[in-house]
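Protein chains in written order, with the numbering used here: chain Z, 951 to 1073; chain H, 7 to 222.
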């Protein structure tokens, strides 16, 4: 499944595409919200591993504006719940992810992103 | 006792395209189960399984770690990626299944960020061309054909390990005798300073199976 937590970890890896290759732009996506168990320790622990701006941008592309532009210094339960929802409960079932640099398209089908490259695109 | 994941949703037809769990899968489950409390204590946030096949192992890891860890899986075979996703939902373990060649699209962002890495590689010694065909074909042959010494695909992951593992990260690798386990351990120590230990070994038919655990 593609949740925004995973989207935040995927970068374009086509041959020669080494800068501005993240975050992949979401296109024509079909999303579904599925409830997940809230684990505040996990969400708090994961914060330093996130590319915050990329996450906020992706969430906004999907119509979720609950996250602040900048990562807050004070982390309260309300914030963690919003972050939990954005990271783990929004599922992208169909659509595509486009590299902002080289324009490579990675399709998402049945909730699975296809990140394979053709032989000549492998670096 | 952690139950073996329920795979009743996968049928004969699925196993024409996806590797069916066998002794090599079960020795890996047993090794992870033995280490379950240590794994929980280490509080991993990111687990990656390379070549998840049916999703049996990722789902098992998911049932050990629950909501405390993100479980991502990759497989080059799209049938396997789908089977993994289905096994995750059948067992109520969240697995973010990705179709990818080893770790490629994750290497930038997961650099030094993988706390638990698991790989049951194609370890069967075959002629080299067979590996290219098998991985290139992105099908079930890719789940076992390992090239010279059965190490062609495993070596690619071993060479990335230093880049992938977080400071507290652990790596569990399945191997067979023909892979020369002491040789692998020696190379990883000398080249990268990885400590390793054979945590389980057993004979299963013609195969002598090992699970090796690497840490920094």
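Even glycine gets a Cβ: it sits at the ideal position worked out from N, Cα and C.
The beta carbon of residue 125 of chain H is closer than 6 Å to those of 56, 163, 179 in its chain, skipping five residues each way along the sequence. Within its own chain, the residues whose Cβ lies closer than 7 Å to the Cβ of residue 955 of chain Z, once the five positions on either side in sequence are excluded, are 1037, 1038, listed in chain order.
Residues of the same chain with a CB within less than 6 Å of the CB of residue 105 of chain H, apart from the 5 flanking positions on each side, are 84, 87 in chain order. Across the stretch 104-125 of chain H, CB contacts with chain Z closer than 8 Å involve 104, 105, 106, 107, 110, 111, 112, 113, 114, 115, 116, 119, in sequence order along the chain.
Short of 6 Å from the beta carbon of residue 979 of chain Z, and not among the five residues preceding or following it, lie these beta carbons of its own chain, in chain order: 1042, 1045. Residues of chain H with a Cβ closer than 9 Å to the Cβ of residue 1065 of chain Z are, in chain order, 80, 104, 105, 106, 107, 110, 111, 112. If you draw a straight line from the Cα of residue 1023 of chain Z to the Cα of residue 998 of chain Z, it comes to about 12 Å. In the DSSP assignment, residue 215 of chain H is bridged to H/182, H/208.
Against chain Z, a Cβ distance below 8 Å from residue 46 of chain H picks out nothing, because the smallest value is about 12 Å. DSSP, read as helix, strand or coil, puts residue 111 of chain H in helix. Residue 1028 of chain Z is outside the set of residues whose beta carbon lies under 7 Å from a beta carbon in chain H. Among the residues of chain H, those whose CB is under 7 Å from the CB of residue 1060 of chain Z are 88, following chain order. Interface residue (Cβ-Cβ distance to chain H less than 7 Å): residue 1032 of chain Z is not classified as such. Under DSSP, residue 56 of chain H takes part in a beta bridge, and its partners are H/80, H/125. The stretch 143-161 of chain H and the stretch 179-191 of chain H touch, with three or more beta-carbon pairs separated by less than 8 Å. Contact note: residue 960 of chain Z reaches chain H through 104, 111, 112, 115, using a C-beta cutoff of 8 Å and chain order. Contact between residue 77 of chain H and residue 95 of chain H does not hold, since the beta-carbon distance rounds to 13 Å and is not under 8 Å. In the DSSP annotation of this structure, residue 974 of chain Z is not part of any alpha helix (DSSP H), being labelled neither H nor E. Contact annotation: residue 201 of chain H and residue 48 of chain H have beta-carbon atoms that are not nearer than 7 Å.
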